[in-house]
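Protein chains in written order, with the working numbering: chain V, 1 to 251; chain U, 252 to 457; chain F, 458 to 663; chain A, 664 to 881; chain P, 882 to 1099. Note that beta-carbon positions come from the ideal geometry of N, C-alpha and C, so glycine has one too. Remember, it's a predicted structure, so these values are computed and weren't measured experimentally. Here's the structure we're looking at; comments come further down.
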Amino acid sequence: MSDHSLRPVSSLWEFANPVRFMALSGKILPFVWVACVACLGVGLVWGFFFTPDDYRQGSTVKIIYLHVPSALMAINAWFMMLVASLIWLIRRHHVSALAARAAAPVGATMTVIALFTGAVWGQPMWGTWWEWDPRLTSFLVLFLFYLGYLALWAAIEDADTAADLTSVLCIVGSVFAVLSRYAVVFWNQGLHQGATFSMDKEENISNVFWYPAVLSMLGFGLLFVALVLVGTRTEIRLRRTRALMARASAE
Amino acid sequence: MMRVSDLAIVRGGVPLLAGLSFAVEPGSALILRGPNGIGKTTLLRTLAGLQPPAAGQIEVPEDSVAYASHADGIKGQLSVVENLNFWARVYGMADVTDAVLERFALQDLRARAAATLSAGQKRRLGLARLAVIGRKILLLDEPTVSLDTASVGRFASFLQDHLDAGGSAVIATHIDLGFTATVLELAPYKLDAPALTASDFDEAFL
Amino acid sequence: MMRVSDLAIVRGGVPLLAGLSFAVEPGSALILRGPNGIGKTTLLRTLAGLQPPAAGQIEVPEDSVAYASHADGIKGQLSVVENLNFWARVYGMADVTDAVLERFALQDLRARAAATLSAGQKRRLGLARLAVIGRKILLLDEPTVSLDTASVGRFASFLQDHLDAGGSAVIATHIDLGFTATVLELAPYKLDAPALTASDFDEAFL
Amino acid sequence: MIALLRRDLALAVRAGGGFGLALVFFLIVVTLVPFAVGPGQVQLAAIAPGILWLGALLACLLSLDRILALDYEDGALELIATAPLPLEAVAAVKALAHWLTTGLPLVLVAPVLGILLNLPGPGYLWVVVSLAIGTPALSAIGTFGAALTVGLKRGGLLLSLIVLPLYVPTLIFGAEVARRGALGQPLETPLMLLAGITLASVALLPFASAAALRVNLR
Amino acid sequence: MIALLRRDLALAVRAGGGFGLALVFFLIVVTLVPFAVGPGQVQLAAIAPGILWLGALLACLLSLDRILALDYEDGALELIATAPLPLEAVAAVKALAHWLTTGLPLVLVAPVLGILLNLPGPGYLWVVVSLAIGTPALSAIGTFGAALTVGLKRGGLLLSLIVLPLYVPTLIFGAEVARRGALGQPLETPLMLLAGITLASVALLPFASAAALRVNLR
Ligand code: HEM
Ligand SMILES: Nc1ncnc2c1ncn2[C@@H]1O[C@H](COP(=O)(O)OP(=O)(O)OP(=O)(O)O)[C@@H](O)[C@H]1O
Ligand SMILES: Nc1ncnc2c1ncn2[C@@H]1O[C@H](COP(=O)(O)OP(=O)(O)OP(=O)(O)O)[C@@H](O)[C@H]1O
Ligand SMILES: [Mg+2]
Ligand SMILES: [Mg+2]
C-alpha cells in the first residue's frame, strides 16, 4: 500500500484513493483530536464557569455552548453527506460512500443533542419541554431523515447497493428537507407568538458570551471531523481486512 | 447472434466464473451445465442485462432477448389467458392464440385463475409466455422443473420449432431435454470461491 | 406403518382422485406418479393432515409424519445452521451435526444466510431438514427439483439409509431416483373433473 | 405501458387486490379518531381537516408496498425490467395506477367522512381540492420509497419510515389549504406551493425511482 | 415452542426484521399529527392521550401482517403446522413475540412522545399504564386477524379492515384511562374493563386463531 502514497498530490481527487486517504488522515487525525479537545475544553469551561449569568435567563443560558454548536453540526453533517453522496454517484469513489455512512450516526447524535439540550433549556425558558416552533420542528424532521437514512444502510447487505440507494435517498431527501423547512416556517407563522426568545442576530449577544461560544462551535466542528475520520478509517480497515482474508483463502 | 467474449461474473461480491467466451448462432441452442451453485442463474441474469458483467463483453442485437427465471412472474388473480395477453401486449405482440394454448396444453385451463394451477401447470404457463412475446434469443433457467415427461416433450418440440425458425436459446438445465445442442460445461471456468466473501466494494480498499 | 383405504381427495372443490388404497410398510418407499395436475400435491397434503380427505381413512401412527412441500420454508435471514437447528428444536431433537451437513454438502455453506443460496443449495437445505427432525414417514413433494445429478445421488443415498433404518417414504416425483420402490400410477384413480365445479358447500344444497 | 396500467388496475379490482381497502382504512381511521380523542363537538370540528388529511396519508402509505413488492416476489418485476419498456415509464405507470386505485377514491369519499367529523361548511370544497391536488404527490413519492426498499424482505415498515418524512411538506401544505378553507381564510399561497410540489414530484421522481429499481434488481 | 419464540425474536432483530420500525412509525405518526391539525398548544394537549393511543394502535396494526404472512409465503407455516406443536400454542407464541417486539417498545417510548404533544403532567403515568395493560390485547387480536387473512394474497389492508373494529373496545377504554389520568379524574372502571379485555383476549383468542389457521392451511 505504500508507494503511491508517497507521490505528490496532483489533484484533490487523489484523496479519494483509500491508500492516500489512510496515510493522510492518519497523519492529521492526532492534530484534529488535540485541537478539538483544546477548543472544547477551553470553550466549555470558559462558557460554564467564567461568564456572568444572563439577567433574564440566569445560569440556564450556559446550555447554549452545547446547544448551538450541536445544532449547527447536525445541519452541516447532512450537507456533508449530500456532497459525499454526489461524489459517490458521479465519480464512484469508495471513500466518499464510507464517509457519508460514517457521518450519518454522528449527525444523528448531534441532532439528538440539539433536541435534548433545547428541551432542557425550553423547560425554564418557555415553561414547556417542547414547542412547535418552526426551527425546532424542522430539526425533528431532520432527525427523521437521519433515521430513515440509517435504517436503509442497516437493511441492505450488499455494500454497493447500499451505497447507491442511500445516496439516491440522501439527494432526494435533501430536496424534501429544504422543502419541509419552508413548509414548517409557513405552517407555524401565524400561530406562534413572536415573543419566543431569540438571539439569532449577533448584535443580541455580548462578547462575553460570544468568544466561548465561537470556541465551542469550533470544537464541535473539529469533533465532527475527527469522528467522521475515525469512522471512515475503521470502515476502510474493516473492508480491507475482509478483502485480504478473502484473497488469502482464495489462494 | 449472441457473442460473449471473456466474460466474468460475480454474485453477492463473490467472483464465480471467468474467461467465458462463446457464441450462439441463429438456429442453435447452448446448454449450460454445472453443479448447483456454480453460477448458471447468475450467468443468465447477466446475459439478460439484469446485472452488469464483472469483465468482458456481451454482444447481442437490441430487443431480441427474453429471460425466463426460476420464478414465473405469474399473477395468481389473473386467468391463464389474461396473464399471457399481458405479456404479449408489453412486448407489443398480438394476443395469445388457441394454437399456443394447445401447444402448452393449457386450453382447458384458459379461464382458470393462475393461483389455482398445480406446480407443473404454472410452469407450462410460464413457458407459454415465451411463445407470445416473439423474441429470438431465449434465456431459460431450468425450464423443465416440475414438468412431467409429456410436458417436457411438448416443450422440447416448441424449442425445436423455435430454433428451426431461426431463433436461438441458452438453457440452464440438469436434465436431458432430448434434442441436439452444444453443451457448455461451466466447471472449467469456475473460480475457487473464497470462503470469506469480499465484495467489489471491499476490493477497492486493497 | 401407513395405511390408506378408499381415499378420495378434493382440491378447490374439484374431486380429483378416488378409491385409493395402499399401505406403506417400514423400510419401503412408495413413489407417486402421474401427469401434472393429477393431484399428487393434494394427496400428500391430505396424508400430512393439512386437509381432510373427502372420503376414506388414513391410518398412521401419531407424530411420525414429516411433510416436505414444493416450498422449503427456509428463512432467508437466518444462516443454514440456524435454520436447521430451529427445526430440530421444534421437533424436540438435538441440534444439527456435522455429519448431516456433510451428507447434504452444506458444510461450506453453514454460516451463509439462506437468502444467498442458489436454487439447488436451498433445496439441499430443505432436504437436510428431514434428517434433523427424526420422523419415520417422509412425505416428499418433488424433492429433487433444481438438484444436480450429484445431489440427487446424495439424496437417494440418504433416503436408502432412512429406509434401511426402518423408516418409510411417500414420494411424488417425475424423475427416476435410482432406487427400488413400489410405484403407484395415479392415472387410473383419476376422476373426470366436472367442467363446472360445485364445491362441497354448493353440493349441500342439492 | 397501457398494458401494464390495465393489468395493475385489473389486479387491484380483483378479489384480494388493494382497491377499496385503502378507502375502508381511511373510513376506519377517521371513525376511530372520535373514540380516541373524546367526542367534544367543537374540538372535533377544529381538527377535522387535519384528521382527514392524516387519514388519507396513512391509507396511502399502507398500500404503498403493494406497488412493487408483489411483482418483485413472484419474479414479474425482473421480467418487466427485461421487457422493452423504459424503467422510468414503468415507475410512472406504477405511480399512476396507485393513484387511480387509492388517491382518487380517497378524494371522492373525503366529503362523506367530513360529515362524521363535523367539518364546517366551506371546508368540504377545499378538503376535496387539496386532496385532489396533493394525493398524486403522495403516490409519486411512495413509488420512489417502494423502489428503494423493494429488494428488502418485507420492507413494509422501513418503507413507511423512509417515506413519511418525505410526506411532511405535502401534508403541511395540504392540511393548511384544507384548514384555511374551512375557516374561510385566504389560501392561494399554500395552494400554489402544494401544486408545485405535486408537479415537481410527478415530473422528476420517476427518474429517481427507476434508478433505485435498477440498483435493486442488480 | 421456546425454539419458535427465539426464532421469531431472532428474525425480528435481524436486518430487515420488524423490530424498531413499529416504534419509528409511532414516532412519525405522533410527529405528523401537529402538522395536520395545527400547532395550538391547548388543543394538542387535549387530544394528546388519544393520539398516543391511536398512534400505538396504528403502529401495532402495521406490523401485524409480519406475524404469519412471511411464514406462510415461504412454506414454513405448513411445516410448522405439521410439526408436533399444538397450533394454539403456535398462535400464542406468535402473539407473544409480536408483543415483545412491538407493544413493549411502544409502551416504553410513549412518555417521550408525550412531551412532543404537551401531554399534561399526570398523564404520563397513565398513558404508560394503559398502554402496558392494553397492548397485549392488541397483539392477541391482531394475531387472530392475521390468522384469518393469512391465505389471502397480501391481505395487508384486509387485515386492517378486519382487525380495526375489533380494536375499538380496547381503544375506547385505553384512551379513556389515559385521558382521565391526564385530567386527574377517577379511572377505576375503564381500567378494570381494559384489563378484562386483555385477559380474555390473551386467554381465549389463541384458540380462535388456531381454528382460523387450520382452515386457511386446508
Ligand atoms: C428541542 C428544542 C430545540 C431545538 C431543536 C433547537 C434548534 C436550534 C437550532 C437548529 C439552532 C441553530 C440555528 C442557527 O444558528 O440559525 C438553535 C440555536 C439557538 N437556539 Fe435552539 N432549539 C431548541 C430549543 C431552544 C430553546 C428552548 C431555546 C431558548 C429558550 C433556544 C435558543 C436558541 C438560541 C439562543 C440559539 C442561538 C442562535 C444563534 O446562535 O444565532 N433553543 N437552536
Ligand atoms: N388452490 C387451488 N384451488 C383450486 N384448484 C387447485 C388449487 N391448487 C391446485 N388445484 C388444481 O387441483 C389439481 C391438482 O393439483 P396438484 O397440485 O395436487 O397437482 P400435482 O399432481 O401436484 O401436479 P404437479 O405435478 O404439477 O405438481 C390441479 O388440476 C390443479 O389445477
Ligand atoms: N443473493 C446472493 N448473494 C450472495 N450470494 C449468492 C446470492 N445468490 C446466489 N449466491 C451464490 O452465488 C453462487 C451462484 O448462484 P447461482 O444461483 O448462479 O447458481 P446456479 O448455478 O444457478 O445454481 P442452481 O443449479 O442451484 O440453481 C452460489 O454459490 C450461491 O450461493
Ligand atoms: Mg439457478
Ligand atoms: Mg405438485
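Rounded to the nearest whole angstrom, the CA to CA distance from A:I743 to F:R581 is 30 Å.
Proximity of the segment 156-174 of chain V to the segment 117-135 of chain V falls short of the contact definition, fewer than three beta-carbon pairs being nearer than 8 Å. Short of 7 Å from the beta carbon of P:L968, and not among the five residues preceding or following it, lie these beta carbons of its own chain, in chain order: A962, A1091, L1094, R1095.
A distance of 8 Å or more separates the beta carbons of P:L1040 and P:A1021. Linking U:R296 to V:A159 through their CA atoms gives a straight-line distance of about 20 Å. Here the distance from the Cβ of F:K497 to the nearest heavy atom of ligand 2 is below 7 Å. In its chain, beyond the 5 residues on either side, W88, A163 have a beta carbon closer than 6 Å to the beta carbon of V:A97.
In the structure shown, F:G476 adopts extended strand secondary structure according to DSSP, grouped into three states. 8 Å or more divides the Cβ of P:T1051 from the Cβ of P:A1081.
Contact residues of the segment 254-272 of chain U toward chain F are G263 (C-beta to C-beta distance below 7 Å). Excluding sequence positions up to five before and after U:G285, its CB lies within less than 7 Å of the CB of K291, E436, L437, A438, all in the same chain and listed in chain order.
For the set V:S167, V:W78, V:A104, V:T232, the Cα lying nearest the Cα of V:I90 is the one of V:S167.
Neighbours of A:G713 in chain P, taken as residues at a C-beta separation under 7 Å, are given in chain order as A917, V918, G919.
Within chain P, the residues I996 have their CB atoms less than 9 Å from the CB of V:A119, given in chain order. The C-beta distance from F:V557 to F:V589 rounds to 6 Å, short enough to fall under 8 Å.
DSSP places U:T433 outside any alpha helix (DSSP H); the residue lies instead in the beta strand (DSSP E), whose first and last residues are 433-436. Excluding five sequence positions before and after A:G844, the CB atoms of its chain that fall closer than 8 Å to its own CB belong to P712, P785, G786, L788, W789, V790, V792, S793, L850, given in chain order. Within its own chain, the residues whose Cβ lies closer than 6 Å to the Cβ of F:H527, once the five positions on either side in sequence are excluded, are D598, listed in chain order.
In the three-state scheme derived from DSSP, where H, G and I count as helix and E and B as strand, F:I590 is classed as coil. Around the beta carbon of V:K62, 16 or more other beta carbons lie within 10 angstroms, which makes this residue buried. Between A:V840 and the set A:G797, A:S726, A:L725, the nearest pair of CA atoms involves A:G797.
For A:L695, the nearest CB of chain P lies under 8 Å from its own CB, placing it at the interface with that chain. In this structure, DSSP gives U:A416 a state outside helix and strand, which the three-state scheme calls coil. Contact note: P:V910 does not reach chain V at a C-beta cutoff of 8 Å; the least C-beta distance is about 12 Å. When secondary structure is reduced to three states using DSSP, F:D598 falls in the strand class. Under the criterion of beta carbons closer than 8 Å, F:I515 and F:L504 qualify as touching, at roughly 6 Å. Fully enclosed alpha helix (DSSP H) runs of no fewer than 4 residues occupy 786-812 of the segment 779-830 of chain A, in order along the chain.
Our two residues, V:L66 and V:V45, have alpha carbons roughly 12 Å apart in a direct line.
When the Cα atoms are used, A:L717 and V:L147 turn out to be separated by approximately 21 Å. With a threshold of 7 Å, the Cβ atom of U:D392 counts as near ligand 4, since some heavy atom of the ligand is closer than that. Within the same chain, V537, R581, L582, A585 come within 7 Å of F:L563 by CB-CB distance, once the 5 residues on both sides are set aside. Residue state for F:Y646 is assigned as helix, using DSSP reduced to three classes. In the DSSP assignment, P:L913 falls within the alpha helix (DSSP H) that extends over 902-918.
At least one heavy atom of ligand 2 lies closer than 7 Å to the C-beta of F:G469. Rounded to the nearest whole angstrom, the CA to CA distance from V:Y211 to P:Q924 is 42 Å.
Nearest CB-CB separation between V:W187 and chain P: below the 8 Å threshold.
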